[in-house]
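Here's the structure we're looking at; comments come further down.
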């Protein structure tokens, strides 16, 4: 086969490809603003949120030394860790207090174990006033060089000194970094704090050669374990240490376990005590209620859409306005209106009592339960069902029905065999819209749902805005997203996604 | 198509415009965040207007206090804090302080001394519950009841909530464990100062839930402050808990047949925090505002517009009449000796620890 050449002598295929590529690039450049916008405002935040459901760097960032020292602690020993861990905790705490990150870690761990929040807050307040100043005094009294900031800086720049006292060097580095970052001071002009001297003392006792020899045997050792326990005896609580150890890794599945009512224990997932199980029930309830709302919307929306599509234009337009009017009203106003209508002293109950259908002392409970949520949400989401149904029905030629009837079909057969199958794409689109919107709703269920009519999204909102447990909120959200995608896939398998139409 | 294009263009423009102005901190402007409604109004009259007049600073109101904690955290993570001063309840202030999202304040050096010469730290006293929190008002969560629905003997103590025999009908309680758990224990025979010790134990929590179980079917759980007043006005509930200021306006402004049950009212605090991470210039202005807005006279002024007690001891003698209704406000303050015969002290530290755990248990209990 001979190669076809273009006018400029290149192979035709190649130059065609090039022209096409240029065209594609131009098209891409045209949609680039939208693409970038979606990427920045939609994809990235969602990815970030999903990432939070496993991210757990705060523990190892705030307590790096403690986490490392805890590796050798056996949680099944039944004993709180020893002096070495508390030494590490002292340095970590002293630094974290300056960065004000200890209370953040406290709130984080308090989600897992009640009481850690105040444990960290209290300890942070006291950690600067520990008795370790005796070490600093001992060194300074032994040799004035130890009280000289610039001498310290010189030592810590000297590799032989650093090699002799590696822990002190690392502690000094962390201290110097903090002095620069938090206080904006020059470490070479500031005397190191007590915890640096404590590290030096510990290394001196262990036999390291100090830059200037000091005999520390006369110094009464301070037990940091006792110092911490004096602040709060919960530092001896195995559960506290176990929690720190379990949540030490940078990534955790703890949030996901929490969101399916499990607990991350020392030996893996455990069932949560029954009095704390909420999420599985809520997930199931959210699904069932969203499906009911969707069903109600189909039942109510279908005849309205049919009317809209088949009435004369003038009347249809009026009806359309009636459909859209509530759609334009504020969500809160509509929800409050339902309260006025549905409550026990409300309009509906009053009318029922007045016409004698219901006894005065037996008024119906229509709100603050699942009924209330289903009624209010069906009303709010109805336009999302009617509009796609209407636009699909509008495209079904009325002559089909007439043809069916003229060929002898009854009204019902003509509707069921001819009209209905053609409106299915509209039902599909409406159902997907209503279902997906309703599982994410939380304002309406919160206001009219009482105790049994609230959704999983209410808990997500709570964890986002009140408890600040964003990791758990992200995990719950991820599960919800996964469930939706799964249902979408099932829908595609059963009905086929090509069979969904939002309009003619 | 053309309309769509136009629409898109307009929304794009609005977006860019709002982004450009989002930081709108031109030299002389500050954004103050509060709760909205009557409360923001009282602050506008008592603090913002005189401050704007004195300094020429323009104050922009934002009504986002209900989501303040989450929004501040998001702003902080994005590195763009657009708020200057934020009104929050004390427990939120503690949380913000813990998260490093609020500025620490030294009351004596950064706030005004009391008119009576006392140092700010003495004037506010115990109400300085967090290093970041500048108290503004004392409010209380208390119970209101329909005078026409309670029969001949009006309730006098908090346990009327649990007494469905004497006071049949629905009651409304807040949809969270705080306050309800304490009231349940108080009415189950636990001594007032032992409540939190008991609530710390599994048995104590079970006891509180068991007490709440006795009225579970008769409770409408509220989550918005306006719910109980509306439910009382409609006669939907015979009694319900809410904030005392809401009941004041229901009784005195709307003249509803409702009375207040001050017994075992739970004091809580509302006040200012300044977000961490402001530029030095904005921080200085925020501090200046807060110093002005929490001095003795200003705190007393606020009580002219709303029935919440000033947080300074030195402001109490200055509380006068309501600006529109002309009634003496002192007897409507939660701190008034007649109302404060039996009060319950809310334990912030305790709830900061137990809130997450008890909230999960409370939700599990609710959905059972």
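Protein chains in written order, with our numbering: chain A, 1048 to 1551; chain B, 31 to 398.
Just so it is clear, CB atoms sit at the ideal spot from N, CA and C, and this is done for glycine as well.
Any beta strand (DSSP E) of 3 or more consecutive residues that is wholly inside the region 1319-1350 of chain A: Qualifying beta strand (DSSP E) stretches: none in this window.
Residue 201 of chain B, enclosing beta strand (DSSP E) - first and last residue: Looking at the DSSP string, the run of the beta strand (DSSP E) that includes residue 201 of chain B is 201-204.
Buried or exposed, going by whether 16 or more other CB atoms sit within 10 Å of the CB of residue 306 of chain B? Residue environment for residue 306 of chain B: buried (at least 16 other C-beta atoms within 10 angstroms of its C-beta).
To be precise: take each residue of the region 382-396 of chain B, compare its Cβ to all Cβ atoms of chain A, and keep it if any distance is under 9 Å. Which residues remain? Of all residues in the region 382-396 of chain B, 382, 383, 384, 385, 386, 387, 388, 389, 390, 391, 393, 394, 395, 396 have a Cβ within less than 9 Å of some Cβ in chain A.
Tell me, to the nearest whole angstrom, how far the beta carbon of residue 1423 of chain A is from that of residue 1498 of chain A; I am working on the premise that it is less than 8 Å. With a Cβ gap of about 16 Å, residue 1423 of chain A and residue 1498 of chain A do not count as contacting.
Helix or strand or just coil, what does DSSP make of residue 65 of chain B? Coil, per DSSP.
So within the region 1251-1313 of chain A, which uninterrupted beta strand (DSSP E) runs reach at least 3 residues, ignoring any that extend past its ends? The region 1251-1313 of chain A contains, as complete beta strand (DSSP E) runs of 3+ residues, the segments 1309-1312 (chain order).
Please return the same chain residues whose Cβ sits closer than 8 Å to the Cβ of residue 1533 of chain A, not counting the five positions on each side in sequence. Excluding sequence positions up to five before and after residue 1533 of chain A, its CB lies less than 8 Å from no other CB in the same chain.
Where are the alpha helix (DSSP H) runs, 4 residues long or more, that stay fully inside the region 1346-1422 of chain A, in chain order? DSSP runs (the alpha helix (DSSP H)) wholly in the region 1346-1422 of chain A: 1360-1375, 1378-1389, 1394-1401.
I want to know whether the region 1212-1223 of chain A touches the region 1248-1265 of chain A - three or more CB-CB distances under 8 Å. Segments in contact, yes.
Of the residues that make up the region 1450-1479 of chain A, which ones have a beta carbon closer than 9 Å to any beta carbon in chain B? Going along the region 1450-1479 of chain A in chain order, one finds no residue with a Cβ nearer than 9 Å to chain B.
Flag this pair as touching only if the region 1090-1098 of chain A and the region 1294-1302 of chain A have three or more C-beta atom pairs under 8 Å; answer yes or no. Taking 8 Å as the limit for Cβ pairs, the verdict is that the region 1294-1302 of chain A does not touch the region 1090-1098 of chain A.
With a CB to CB cut of under 6 Å and the five nearest residues on each side skipped, what residues in its chain are close to residue 1269 of chain A? Closer than 6 Å at the Cβ level, and outside the excluded window around residue 1269 of chain A, lie 1178, 1179.
For a contact meaning CB atoms closer than 7 Å, what does residue 266 of chain B contact in chain A? Those within 7 Å of residue 266 of chain B in chain A are 1390, 1391, 1392.
Could you tell me if residue 1134 of chain A is buried or exposed, where buried requires 16 or more neighbouring beta carbons within 10 angstroms of its beta carbon? It is buried - the Cβ of residue 1134 of chain A has at least 16 other Cβ atoms within 10 Å.
Please list, in chain order, the residues of the region 73-106 of chain B that have any C-beta partner in chain A closer than 7 Å. Against chain A - using a Cβ distance shorter than 7 Å - the residues of the region 73-106 of chain B are 97, 99, 100, 103.
Touching by the beta-carbon criterion (3+ pairs, under 8 Å), the region 1150-1163 of chain A and the region 1229-1242 of chain A: At 8 Å Cβ cutoff, the stretches do not touch.
For residue 51 of chain B, count the other beta carbons within 10 Å of its own beta carbon; 16 or more makes it buried, fewer makes it exposed. Which is it? Any reading at residue 51 of chain B needs caution, since the residue's pLDDT is 46, under 50, leaving its predicted position unreliable; the model's value is listed next. Label assigned to residue 51 of chain B: exposed.
Validate contact between the region 1195-1214 of chain A and the region 1301-1317 of chain A using beta carbons, cut 8 Å, 3 pairs: Too few Cβ pairs lie closer than 8 Å, so no.
Identify, in the order they occur along the chain, each residue of the same chain with its Cβ nearer than 7 Å to the Cβ of residue 49 of chain B, setting aside the five sequence neighbours on each side. Note on residue 49 of chain B: pLDDT 46, under 50, position unreliable in the model; no value is reported.
CA-CA distance, residue 130 of chain B and residue 375 of chain B? Distance from the CA atom of residue 130 of chain B to the CA atom of residue 375 of chain B, rounded to whole angstroms, is 26 Å.
Short-range partners of chain B found in the region 1404-1438 of chain A, where Cβ spacing is below 8 Å: Going along the region 1404-1438 of chain A in chain order, one finds 1415 with a Cβ nearer than 8 Å to chain B.
Under 8 Å between C-beta atoms, does residue 1323 of chain A make it to chain B? Cβ-Cβ to chain B under 8 Å: yes for residue 1323 of chain A.
With DSSP run on the structure shown, which of helix, strand or coil describes residue 1495 of chain A? In the structure shown, residue 1495 of chain A adopts helical secondary structure according to DSSP, grouped into three states.
Counting only Cβ-Cβ distances shorter than 9 Å, please list the residues of the region 1506-1534 of chain A near chain B, keeping chain order. Within the region 1506-1534 of chain A, those residues whose Cβ lies closer than 9 Å to any Cβ of chain B are, in chain order, 1506, 1509, 1511, 1512, 1513, 1514, 1515, 1516, 1517.
For residue 250 of chain B, go through chain A and note every residue whose CB falls closer than 8 Å to its CB, in chain order. Those within 8 Å of residue 250 of chain B in chain A are 1415, 1497.
In whole angstroms, what is the alpha-carbon distance linking residue 1061 of chain A and residue 1090 of chain A? Between the alpha carbons of residue 1061 of chain A and residue 1090 of chain A lies a gap of roughly 36 Å.
Among all the DSSP beta bridges, which residues are the ones paired with residue 173 of chain B? Answer is B/271, B/291, bridged to residue 173 of chain B.
So which of B/310, B/369, B/361 has the shortest CA-CA distance to residue 114 of chain B? Of the candidates B/310, B/369, B/361, the one whose C-alpha sits nearest the C-alpha of residue 114 of chain B is B/310.
Can you pull the chain A neighbours of residue 64 of chain B, defined as C-beta to C-beta under 8 Å? Against chain A, the beta carbon of residue 64 of chain B has no neighbour under 8 Å; the closest one sits roughly 17 Å away.
4-residue-minimum alpha helix (DSSP H) runs that sit fully inside the region 1112-1153 of chain A, ordered along the chain: For the region 1112-1153 of chain A, whole alpha helix (DSSP H) runs of length 4 or above, ordered along the chain, are 1130-1146.
Within 8 Å of any Cβ in chain B, is that where the Cβ of residue 1157 of chain A sits? By this cut-off, residue 1157 of chain A is an interface position.
Buried or exposed for residue 298 of chain B, going by 16 or more other Cβ atoms inside 10 Å? When all chains shown are included, residue 298 of chain B counts as buried.
I believe residue 244 of chain B touches residue 192 of chain B by the beta-carbon criterion, under 8 Å. Please report the beta-carbon distance rounded to the nearest angstrom. So it is a contact: roughly 6 Å between Cβ atoms.
In chain A, which residues lie with their C-beta within 8 Å of the C-beta of residue 253 of chain B? By Cβ distance, chain A contributes 1493, 1494.
So, at 6 Å on beta carbons, what are the nonlocal neighbours of residue 1257 of chain A in its own chain, with the 5 sequence-adjacent residues on each side left out? 1251.
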